[in-house]
Amino acid sequence: MAVMAKPGAQSEYDEVEGFAVAVIREETGWKLTTLKPSALDSLDDAELQLRELRATGAVFGLLDVDDEFFLIVRPAPTGAHVLLSDATAAVDYDIAADALDALHIDIPDIDPDELDDVDPWEEGDLSILTDLGLPDAVLSIIVGDTDLYADEQIGMIAARLGFADELAAELDKLGR
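Numbered continuously in the numbering used here, the sequence shown closes out at residue 185.
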């Protein structure tokens, strides 16, 4: 699915591809639902869509942006908890810049032409899914595996938490 990136000084892309899914932990298991494409444009929009689900169980969003990086967004009463898999993405992508802003971290001062020469690093809460069964050490290994595309990393998270089949079914609906 293609969506338009919001205009901004940090964005050089006209289209952002990827997917955004909400993951809900219910008493009977996992339920996944696709978020609107606008969730890939803005962290605030993604958080709002997740809050509007009003689920009784834990809710978090998995956002794959251009298969370049992913975000985990988990609404909380004091504001969303966020994990950005690649902080260098904030140089080119507004939603990554939004995530760093929410974390009170400056956008890396990297020349866009030199991004391919810089090793990515994560920013945010590696313990974001610990209470659901994914230890921060395991999430750190998944995020640190730079040989994987973002959708593959998300697939590993889904497999570790036990909703790989549900994720595959949701992505099939999206034609991915």
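In this text, a Cβ means the ideal position worked out from N, Cα and C, and glycines have one as well.
None of the values given here were measured: they were computed from a predicted structure.
- Message: Would Leu93 and Ala29 qualify as a contact pair, given that the criterion is a beta-carbon distance under 7 Å?
- Response: Taking 7 Å as the Cβ cut-off, Leu93 and Ala29 do not qualify as a contacting pair.
- Buried/exposed call for Ala96, threshold 16 Cβ in 10 Å: Burial of Ala96 is indicated by the presence of at least 16 other C-beta atoms within 10 angstroms of its C-beta.
- Do Val152 and Glu179 come within 7 Å of each other at the CB atom, strictly closer than that value? In this structure, Val152 does not lie closer than 7 Å to Glu179 by Cβ.
- Query: Under 7 Å between the Cβ atoms of Ile104 and Leu52?
  - Reply: Cβ atoms of Ile104 and Leu52: closer than 7 Å.
- Touch test, the region 135-148 against the region 48-64, Cβ-Cβ under 8 Å, three pairs minimum: The region 135-148 and the region 48-64 do not touch, with fewer than 3 CB-CB distances between them shorter than 8 Å.
- Item | Buried/exposed call for Gly38, threshold 16 Cβ in 10 Å | Its Cβ having fewer than 16 others within 10 Å, Gly38 is exposed.
- So what's Asp73 in DSSP terms, helix, strand or just coil? Collapsing the DSSP output to three states places Asp73 in a strand.
- Just the Cα atoms here: how many angstroms apart are Thr87 and Phe79? If you take the alpha carbons of Thr87 and Phe79, they lie about 22 Å apart.
- Task: Have a look at the DSSP bridge pairing and note the partners of Ala98.
- Result: In DSSP, Ala98 forms no bridge with anything.
- Could you give the residue range of the alpha helix (DSSP H) that holds Lys182? Note, Lys182: alpha helix (DSSP H), 173-182.
- Query: Which one of Asp174, Leu124, Val91, Ile166 has the shortest CA to CA distance from His113?
  - Reply: Residue Val91 is the option with its Cα nearest to His113.
- Output the distance between the C-alpha atoms of Asp122 and Val100, rounded to the nearest integer angstrom. Answer to the nearest angstrom: the Cα atoms are 10 Å apart.
- So the alpha helix (DSSP H) Arg83 belongs to, where does it begin and stop? For Arg83, there is no enclosing alpha helix (DSSP H); the enclosing beta strand (DSSP E) has its first and last residue at 78-83.
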